[in-house]
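Residue numbers (the working numbering), protein chains in the order written: chain W, 5 to 263; chain D, 185 to 435.
Glycine included, each C-beta is placed from N, C-alpha and C at the ideal position.
I have placed the structure first, in the form of structure tokens, so that the comments after it can refer back to it.
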């Protein structure tokens with residue numbers, strides 16, 4: 005485990021020494037503060053719009069951080085040749101992948117926490133109301149969802165050596181799942197064979213990332229999600245994360261690395 | 185003497201994914217033994233298979249046939265790399281880390297306790313003369329400084345075997361001298377050093393034994409003094425004779 009945490013530590017250091025996170029945070033903060041200062045039509049519930057915008061920005065920023073950070077990990081290690089002195093040490097390829105995964109996941113979790121603290125301060129200062137448990141559930145579920153996204157991106161980075169193409173493909177796949185993944189079964193109902201089978205197969209194969217999105221509960225104060233559902237969602241995310249990490253390891257373990 | 189590095193009929197083929205491209209044999213059937221405490225030079229022209237052999241020893245490339253062992257352990261087992269240090273030809277490290285952070289990271293990988301790691305980092309930074317720059321990010325280092333960080337990371341676990349791939353490549357004369365001094369020092373400490381180099385003068389100075397390979401085949405192996413005596417010339421001339429290169433004056 006020591007090796008895995010050492011590898012993860014380097015990924016976290018890389019994140020806070022690069023500018024990506026700070027740029028996204030400043031942009032989110034500026035847009036949210038600007039939106040919060042405008043009082044349209046003297047609507048007393050204007051804070052909901054601010055919450056909506058802020059949550060959307062947090063989701064986009066977190067996805068960007070997760071995918072961009074992960075997609076470049078292995079290709080950058082190979083391109084900069086840092087992988088050679090590393091794997092010349094008693095590090096297995098499995099430890100290498102797990103270290104990268106946990107590093108990206110923890111780094112994204114730290115970024116997510118900063119975003120949510122900002123969100124809580126901004127909305128709490130307007131509403132004088134801090135539903136901490138709802139925030140906790142929202143962070144946890146979003147972080148669990150990001151574990152799947154990170155494992156998927158890591159898997160993609162084994163297949164494609166270019167971080168830019170991995171980033172684009174993963175972002176399209178994740179956005180597609182979030183936007184239409186939940187409706188594929190309805191679409192399948194209106195199709196003839198073999199399209200119906202194809203749509204159903206995709207519907208049952210893809211990880212349903214949209215199930216982790218409880219933004220509306222946070223924005224409209226709908227209360228807590230059943231804790232059992234949270235546990236099941238976590239297990240669901242863990243299963244897909246494990247599957248993608250296994251595929252990554254299978255693809256990477258026999259790969260020749262030529263110096 | 186017991187062999188610390190051993191290859192048995194080691195063969196490596198690179199299969200091309202393109203149609204009509206022949207399989208490239210990088211190593212034919214390499215039998216090599218490096219004994220404890222010796223400085224062993226691994227020589228050959230570009231494309232001879234030196235780096236491929238090192239890649240197999242480090243577990244980067246799986247052998248097509250044959251086997252390779254470090255300390256008697258199959259190189260496919262990560263534990264075989266517990267007591268080695270490796271310095272690649274081109275040294276690139278995490279540029280956002282400082283030298284101290286980089287060494288601490290590698291120390292953690294070897295599972296060194298904190299106090300021992302601190303002591304070792306201080307010793308190594310002093311050895312490679314980077315004490316003043318220890319808190320500076322590696323991205324601000326010159327090429328020579330980066331090579332010295334590389335040497336420090338290769339020594340972090342106090343290895344019994346050091347594998348160096350062209351360790352003086354791209355270094356100025358002062359840097360080369362420093363690397364030679366460190367190799368000599370390690371030899372005096374009883375460490376085994378296995379290194380590939382094109383600098384035959386350097387090899388002649390520091391190596392006990394050498395192996396010369398060409399086109400993936402072992403052409404000669406033995407003590408430097410024996411090879412020189414056998415060919416009645418310096419190591420460079422002996423090397424050229426062994427690989428079958430005819431100089432203009434000779435032809």
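Paired residues, beta bridge with residue i - DSSP
{"i": "residue 321(D)", "result": "282(D)"}
{"i": "residue 208(D)", "result": "198(D)"}
{"i": "residue 349(D)", "result": "380(D)"}
{"i": "residue 223(D)", "result": "377(D)"}
{"i": "residue 401(D)", "result": "398(D)"}
{"i": "residue 269(D)", "result": "346(D)"}
{"i": "residue 257(D)", "result": "254(D)"}
Listed by chain order, chain B residues near residue i by CB distance under 8 Å
{"i": "residue 18(W)", "result": "Although the question refers to chain B, the structure presented lacks it and instead comprises the protein chains W and D."}
Beta-carbon gap between residue i and residue j smaller than 8 Å
{"i": "residue 413(D)", "j": "residue 216(D)", "result": "no"}
{"i": "residue 138(D)", "j": "residue 321(D)", "result": "Since the first and last residues shown for chain D are 185 and 435, residue 138(D) lies out of range."}
{"i": "residue 104(W)", "j": "residue 15(W)", "result": "yes"}
{"i": "residue 336(D)", "j": "residue 296(D)", "result": "no"}
{"i": "residue 62(W)", "j": "residue 123(W)", "result": "yes"}
{"i": "residue 369(D)", "j": "residue 389(D)", "result": "no"}
{"i": "residue 375(D)", "j": "residue 348(D)", "result": "no"}
{"i": "residue 228(W)", "j": "residue 137(W)", "result": "yes"}
{"i": "residue 292(D)", "j": "residue 312(D)", "result": "no"}
{"i": "residue 290(D)", "j": "residue 340(D)", "result": "yes"}
{"i": "residue 423(D)", "j": "residue 226(D)", "result": "no"}
{"i": "residue 119(W)", "j": "residue 29(W)", "result": "yes"}
{"i": "residue 420(D)", "j": "residue 353(D)", "result": "no"}
{"i": "residue 380(D)", "j": "residue 401(D)", "result": "no"}
{"i": "residue 210(W)", "j": "residue 176(W)", "result": "no"}
{"i": "residue 329(D)", "j": "residue 317(D)", "result": "yes"}
{"i": "residue 248(W)", "j": "residue 159(W)", "result": "yes"}
{"i": "residue 142(W)", "j": "residue 245(W)", "result": "no"}
{"i": "residue 215(W)", "j": "residue 237(W)", "result": "yes"}
{"i": "residue 139(W)", "j": "residue 222(W)", "result": "yes"}
{"i": "residue 343(D)", "j": "residue 96(W)", "result": "no"}
Expected contact under 8 Å - CB spacing of residue i and residue j to nearest Å
{"i": "residue 233(D)", "j": "residue 397(D)", "result": "6 Å"}
{"i": "residue 367(D)", "j": "residue 223(D)", "result": "6 Å"}
{"i": "residue 24(W)", "j": "residue 71(W)", "result": "Not a contact, Cβ separation roughly 11 Å."}
{"i": "residue 154(W)", "j": "residue 74(W)", "result": "5 Å"}
{"i": "residue 193(W)", "j": "residue 207(W)", "result": "With a Cβ gap of about 11 Å, residue 193(W) and residue 207(W) do not count as contacting."}
{"i": "residue 319(D)", "j": "residue 284(D)", "result": "6 Å"}
{"i": "residue 254(D)", "j": "residue 268(D)", "result": "6 Å"}
Below-8 Å beta-carbon distance, residue i vs any chain W residue
{"i": "residue 230(D)", "result": "no"}
{"i": "residue 342(D)", "result": "no"}
{"i": "residue 263(D)", "result": "yes"}
{"i": "residue 357(D)", "result": "no"}
{"i": "residue 337(D)", "result": "yes"}
{"i": "residue 289(D)", "result": "yes"}
{"i": "residue 224(D)", "result": "no"}
{"i": "residue 312(D)", "result": "no"}
{"i": "residue 266(D)", "result": "yes"}
{"i": "residue 274(D)", "result": "yes"}
{"i": "residue 239(D)", "result": "yes"}
{"i": "residue 244(D)", "result": "yes"}
{"i": "residue 295(D)", "result": "yes"}
{"i": "residue 429(D)", "result": "no"}
{"i": "residue 270(D)", "result": "yes"}
Proximity test, residue i beta-carbon vs the ligand GTP heavy atom, cut-off 7 Å
{"i": "residue 28(W)", "result": "The ligand content of the structure shown is nil, which means the ligand GTP is not present either."}
Contact with chain D by residue i, beta-carbon distance below 8 Å
{"i": "residue 266(W)", "result": "Only positions 5 to 263 of chain W appear in this structure, which leaves residue 266(W) out of reach."}
{"i": "residue 7(W)", "result": "yes"}
{"i": "residue 168(W)", "result": "no"}
{"i": "residue 230(W)", "result": "no"}
{"i": "residue 249(W)", "result": "no"}
{"i": "residue 189(W)", "result": "no"}
{"i": "residue 74(W)", "result": "no"}
{"i": "residue 69(W)", "result": "no"}
Residue i classed as buried or exposed, judged by whether at least 16 other C-beta atoms fall within 10 angstroms
{"i": "residue 109(W)", "result": "buried"}
{"i": "residue 425(D)", "result": "buried"}
{"i": "residue 258(D)", "result": "exposed"}
{"i": "residue 67(W)", "result": "buried"}
{"i": "residue 147(W)", "result": "buried"}
{"i": "residue 190(D)", "result": "buried"}
{"i": "residue 161(W)", "result": "buried"}
{"i": "residue 212(W)", "result": "buried"}
{"i": "residue 197(W)", "result": "exposed"}
{"i": "residue 76(W)", "result": "buried"}
{"i": "residue 435(D)", "result": "Only weak support exists for where residue 435(D) lies, its pLDDT of 46 falling under 50; the value from the coordinates is given anyway. Its Cβ having fewer than 16 others within 10 Å, residue 435(D) is exposed."}
{"i": "residue 266(W)", "result": "A question about residue 266(W) goes unanswered here, because the residues of chain W that appear run from 5 up to 263."}
{"i": "residue 278(D)", "result": "buried"}
{"i": "residue 235(W)", "result": "exposed"}
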